[in-house]
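Position 458 of the sequence shown, counted from 1, bears residue number 457 in numbering that gives the first Met the number 0, the numbering being contiguous throughout. Everything below concerns the one structure shown next.
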Amino acid sequence: MERSNLLPSDAGDKSVHDDAINTDDRISKLSNDLLLKIISRLSIKEAITTGSLSSRWEHVWKKMSHLFLDMRGFSKIGSLLTNVTDHHAARSMTKVINDHRGHLERCTIYYYPFQCTNAMVEAWIRSLIHVKHVKHLTLVNFIFSLRPPKKPITLDLPSETFSHPNLQTLILGRFNFETPHAFNNCGNLKTLTLAGIFAQIGVLNVVLVSCPSLEVLVANVHSHKGSGLLKIDNRNLRFLYLSCYQVDGIHVSSPNLDVLIIESLSCEIENFIIVNPRFQFHRNYRATGRFYPHTSYIIPCPHQEKKSIGHEFMMSGSRHFVKNSEAMSVSVDLTNTKEVEMLQEILVSWPGKMEELEILSKKSNAPRKEVESSSRRTQKTFWEEIKPFPDAYFSVSILWLSNFSGSKEEFALASRLITQGTVIKTMIIKPHSSFSTSNKLEIEEAVAKLNDLPKGHTELDIVMV
Numbered sequence: 000m001e002r003s004n005l006l007p008s009d010a011g012d013k014s015v016h017d018d019a020i021n022t023d024d025r026i027s028k029l030s031n032d033l034l035l036k037i038i039s040r041l042s043i044k045e046a047i048t049t050g051s052l053s054s055r056w057e058h059v060w061k062k063m064s065h066l067f068l069d070m071r072g073f074s075k076i077g078s079l080l081t082n083v084t085d086h087h088a089a090r091s092m093t094k095v096i097n098d099h100r101g102h103l104e105r106c107t108i109y110y111y112p113f114q115c116t117n118a119m120v121e122a123w124i125r126s127l128i129h130v131k132h133v134k135h136l137t138l139v140n141f142i143f144s145l146r147p148p149k150k151p152i153t154l155d156l157p158s159e160t161f162s163h164p165n166l167q168t169l170i171l172g173r174f175n176f177e178t179p180h181a182f183n184n185c186g187n188l189k190t191l192t193l194a195g196i197f198a199q200i201g202v203l204n205v206v207l208v209s210c211p212s213l214e215v216l217v218a219n220v221h222s223h224k225g226s227g228l229l230k231i232d233n234r235n236l237r238f239l240y241l242s243c244y245q246v247d248g249i250h251v252s253s254p255n256l257d258v259l260i261i262e263s264l265s266c267e268i269e270n271f272i273i274v275n276p277r278f279q280f281h282r283n284y285r286a287t288g289r290f291y292p293h294t295s296y297i298i299p300c301p302h303q304e305k306k307s308i309g310h311e312f313m314m315s316g317s318r319h320f321v322k323n324s325e326a327m328s329v330s331v332d333l334t335n336t337k338e339v340e341m342l343q344e345i346l347v348s349w350p351g352k353m354e355e356l357e358i359l360s361k362k363s364n365a366p367r368k369e370v371e372s373s374s375r376r377t378q379k380t381f382w383e384e385i386k387p388f389p390d391a392y393f394s395v396s397i398l399w400l401s402n403f404s405g406s407k408e409e410f411a412l413a414s415r416l417i418t419q420g421t422v423i424k425t426m427i428i429k430p431h432s433s434f435s436t437s438n439k440l441e442i443e444e445a446v447a448k449l450n451d452l453p454k455g456h457t458e459l460d461i462v463m464v
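Right under this line is the structure:
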């Protein structure tokens, strides 16, 4: 069997193993923990080849907590252009997984379909989950344009393959699901990404029902035309990304959902239903009568010791998730400094100019003193700072200020966005539907003052609807 370049040759290994450590070799005198930190910064190929330097290095890589195995760089030119099957890199990957010692925190595998058999991939999955007890597993098969597969790759995995208490995150890319059995009893999964997955709608529904503990779901799925309604019913879900093709409709029932990103939907507008009383936005994915990439975000303010799962996941891949989005609706308590800072983080991370932004002002459920105490900003309110909000680069064509009451925080935000030139074309102020006559006068007065401000863009229109 021809040896892959991924693993070092055995030639001369024995003599290296038997060598005493050179007294001038200061690196080899370092502790195993420090050597492991050094090796962890290398690629897997570089980490393995360090064994040729000294016997002290030989087995250190086998204790790495993360494995990043990208087979795409090990394909021969001939196999890329012809129907030749190249399994040498796959065999090396199998050896790497088998030689690794202990458990894994994370493993990522990228490969071309012609580089390995389905049986090899299935063996990797079983070993990583049930032997290595990996916590975060990513497995993506990439399509090479000159050798596209004749049909989607289908893995024949036994029941409860992904059911293991250690497995928390699963990312699968470009596979076909014939059955949902591999997901049986997957209460362990917290994050599930289905990227370019083909399946019958009934199979997808069973997969989602089998994962009741999901907090994050990324669904880029392709179903068979006219195959039914995709159902997402999960009380734990905090983040949901949808890009669904050839589905009759989608029904989402997730009362604790914070972030909803809709990239693309092939169903009719009236066939997308979300049951969540917290989503009270006036602008959304169907506001213009058509679907367009849109993000809806209810900014949560958890207790100080807790983290916002939806916000953290949004920020970790913000540019990826919103790269095609044209608009966003966000609900925020402007009296809560922590929530305003989270809003700032999202807007600063937005790639390029935003076409439309809705900021819906929600009312605080806590006394003002408690809010300020929780955000640790009692000396100076957020809006008294001089620096631009959210920064000097963010811009939006159309801004909606919904539930506007004329409060000093709302006025401070609006005035900043006007004078900084953040809003380019139109600022639309929409008061709460139940405001009183006296409050209406206050709002109208506030709008008049906003119109009198110097505008960063002279053509900006400020209107109340």
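Heads up, the beta-carbon is just placed ideally off N, CA and C, and yes, glycines get one too.
Per-residue DSSP class, three states only, for residue i
| i | result |
| --- | --- |
| W349 | coil |
| G477 | Nothing can be reported for residue 477: it is not among the residues displayed for the chain, which extend from 0 to 464. |
| H132 | coil |
| M63 | coil |
| S360 | strand |
| G101 | coil |
| N235 | coil |
| S212 | coil |
| W399 | strand |
| K429 | strand |
| I196 | strand |
| N117 | helix |
| H310 | helix |
| A286 | coil |
| E267 | coil |
| I38 | helix |
| N175 | strand |
| N219 | strand |
| H58 | coil |
| D247 | coil |
| S242 | strand |
| I124 | helix |
| E384 | coil |
From the options, residue whose alpha carbon lies closest to that of residue i
| i | options | result |
| --- | --- | --- |
| E104 | L342, T137, K94 and V329 | T137 |
| A445 | V208, Y296, P292 and M463 | M463 |
| D247 | V206, Q199 and L236 | Q199 |
| V130 | F161, Y284 and A118 | F161 |
| S42 | L440, T418, S404 and I108 | I108 |
| L440 | E458, S348, K306 and F403 | F403 |
| P254 | N233, Y244 and C243 | N233 |
| A286 | E340, H221, A413 and E325 | E325 |
| C266 | K306, H221 and C300 | H221 |
| E57 | L34, L68, R40 and W349 | L34 |
| Q343 | K322, N323, I427 and S394 | S394 |
| I461 | I428, K36 and T334 | I428 |
Residue i versus residue j: straight-line alpha-carbon distance, rounded
| i | j | result |
| --- | --- | --- |
| R415 | L241 | 34 Å |
| H65 | E443 | 58 Å |
| H293 | K62 | 43 Å |
| R282 | E338 | 20 Å |
| N270 | L213 | 24 Å |
| E408 | K361 | 12 Å |
| T178 | M92 | 27 Å |
| E384 | C185 | 48 Å |
| R173 | P211 | 23 Å |
| L127 | G309 | 27 Å |
| N450 | P389 | 21 Å |
| A481 | N183 | This structure cannot speak to residue 481, because the chain is shown only from 0 to 464. |
| S158 | V206 | 12 Å |
| N323 | N117 | 33 Å |
| H180 | S30 | 45 Å |
| K230 | V274 | 11 Å |
Same chain, Cβ closer than 8 Å to residue i, neighbours up to 5 away in sequence not counted
| i | result |
| --- | --- |
| H456 | G420, V422, I423 and K424 |
| M313 | F238, V258, Y296, F320 and I345 |
| F280 | S295, S328, S330, E357, L359 and S401 |
| A122 | T93 |
Neighbourhood of residue i by C-beta, 6 Å cutoff - its chain only, sequence neighbours within 5 removed
| i | result |
| --- | --- |
| S396 | E354, I423 and K424 |
| N165 | H132 and K134 |
| N99 | The sequence shown places His at residue 99, rather than the Asn named in the question. Closer than 6 Å at Cβ, skipping near neighbours: K61. |
| F410 | A445 |
| S263 | S242 |
Close Cβ partners of residue i (< 7 Å) along its chain, the five nearest in sequence each way excluded
| i | result |
| --- | --- |
| G101 | K62 |
| P453 | T418 |
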